[in-house]
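Let me begin by presenting the structure, written as structure tokens, before commenting on it.
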Amino acid sequence: MMEKRCVALISGGLDSTLAAKLMLEQGIEVQGLFLAMSWGCCEKEKAQACARELGIPLMVLSVGDAYLDVIRAPKYGYGSGMNPCIDCRIYMFRIAKRYMEEIDAGFVVTGEVLGQRPMSQMRRPLDIIEAESDLEGLLLRPLCAQLLEPTLPELLGVVDRNRLLRLAGRSRHEQMALAKASGIQEYATPAGGCLLTDERFAEKTRDLFAHEERPTTKDMELLTIGRHFRVGPKTKVILGRNELENVLLEGHAQAGYTCLRPKFPGPSALVAGEGTEAAEEIAVSLILRHTKEEKRPEGTMEFWRDGMSWTVSGPSLQNLLEPAAVPLASSKQLAASSHPFYRWPLAARSLPHDGVETGSYHD
Ligand code: SF4
């Protein structure tokens, strides 16, 4: 006897909301599950708003550091950027399966639509995802279920297949119409951006994997903030691009990080990795070079350094404004690295312009 209870993956988007709604309309108890990663395509706040509107509980879980192995070496490869969509879904659905077992639910529900996404929602990837997540027969996709083989809950009569849908393709018209008819208002705009599909973010991710043996989700979260400058094999300087990012960078300044905040209007800098004196000098230099000239104080400059007052003065100060005097790692050295991540076809590695790329700041 299968429980009339399911785990529904809620992304905050319209499709997963509609899928959960279809279950509720059949009198099935729905437990929402949101898997959090700050670089992914789903927003926690949107998912919470959707769950509230549906009147279902929502469990929020972090994907955990093991997820980074999925990005590092996906069995089914990458999409247009560094997005391993098939492996990413397998990873998430395995978590959903464990959660389903833990709460004695009968099956897992997702908002996938056949043919909607070129990489992960074509017929074959859908089958692979179901098989590899050990959910064979237990993964119900209510929006396109009538185009797929019946699942166990349908065969056992727990779910009425006739009340499921046969949506396919990339158009969202039918979903919009269904949302309107059901009075659903809370959902994120379709295809919200997964940063792994962005080439500049992908470049930063490759750089992280090339220099960190065991990167963490915290390292990945940092990639979403500020301008990144690789200043050594184990050291990066990250500059805030606005006040919010300055505050976020300060929040990351725990053990293993040094945070420099100027006492004049300018960006904060986080030294991540090996915090040498040379790296701090580079951080000061970068702060000064990203501060409007009229805002730079004359003479001694004051900073907060890990929350303590710190001053920089003397002849070295002027040198910090001269790029040639700063011992930055050469981008050519980095590009010549034998690490496999640098053998991939990459965009140019040098980056002395006002972007968010990772690389050496200056040759
Ligand atoms: S776009 Fe792909 S890699 Fe990114 S979160 Fe979605 S499924 Fe995962």
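Per the numbering used here, the sequence shown starts with residue 1, numbered consecutively.
Just so it is clear, CB atoms sit at the ideal spot from N, CA and C, and this is done for glycine as well.
As the structure is a computational prediction, the values presented were derived from the model and not from experiment.
- Beta-bridge analysis with DSSP links V30 to C6.
- Remark: the C-beta of P84 is in contact range of ligand 1, defined as less than 7 Å to any heavy atom.
- Under DSSP, the beta-bridge partners assigned to E302 are T311.
- Looking only at Q116, E212 and M308, the smallest Cα-Cα distance to T258 is reached by M308.
- Between the segment 109-118 and the segment 218-236, the count of Cβ pairs shorter than 8 Å is below three; the stretches do not touch.
- Distance from the C-beta of G40 to the nearest heavy atom of ligand 1 is below 7 Å.
- With fewer than 16 other CB atoms across the displayed protein chains lying within 10 angstroms of its CB, V247 is exposed.
- For A269, the uninterrupted beta strand (DSSP E) run begins and ends at A269 to G273, by DSSP.
- Each residue's CA atom was taken as its position, placing D306 and A253 some 7 Å apart.
- Distances from the alpha-carbon of Q31 to those of G40, C41 and A19 put A19 closest.
- Take the alpha-carbon of R123 and the one of Y78: they are about 18 Å apart.
- Exposed is the label assigned to S62, since fewer than 16 other Cβ atoms lie within 10 Å of its Cβ.
- Looking at the backbone, the Cα of S313 and that of P297 are separated by about 11 Å.
- Annotated three-state conformation of M92 is helix, per DSSP.
- Residue range F107 to V109 is occupied by the beta strand (DSSP E) that includes F107.
- Counting the other Cβ atoms within 10 Å of the Cβ of G299 gives fewer than 16, which makes it exposed.
- Judged by DSSP secondary structure, K180 falls within the alpha helix (DSSP H) whose first and last residues are H173 to S182.
- The C-alpha of C41 lies about 17 Å from the C-alpha of K218.
- Between the segment 133-150 and the segment 5-24, the count of C-beta pairs closer than 8 Å reaches three or more; the two stretches touch.
- Between P267 and G240, the beta carbon gap of about 5 Å places them in contact (Cβ cut-off 8 Å).
- Under the three-state reduction of DSSP, P74 is assigned to coil, being neither helix nor strand.
- For T235, the Cβ stays outside the 7 Å cut-off from all heavy atoms of ligand 1.
- Comparing alpha carbon positions, the residue from P215, T311, G275 and F107 closest to G157 is F107.
- Distances taken from the Cβ of R89 to the heavy atoms of ligand 1 include one shorter than 7 Å.
- The continuous alpha helix (DSSP H) containing G251 extends over residues E243 to G251.
- Contact check for C88 against V60 fails: the beta carbons are separated by 8 Å or more.
- Listed in chain order, the non-local C-beta contacts of I103 below 8 Å within the same chain comprise R5, V7 and Q31, local neighbours out to five positions each way being set aside.
- Assigned with DSSP and collapsed to three states, R141 falls in coil, not helix or strand.
- Between the alpha carbons of G27 and E221 lies a distance of about 39 Å.
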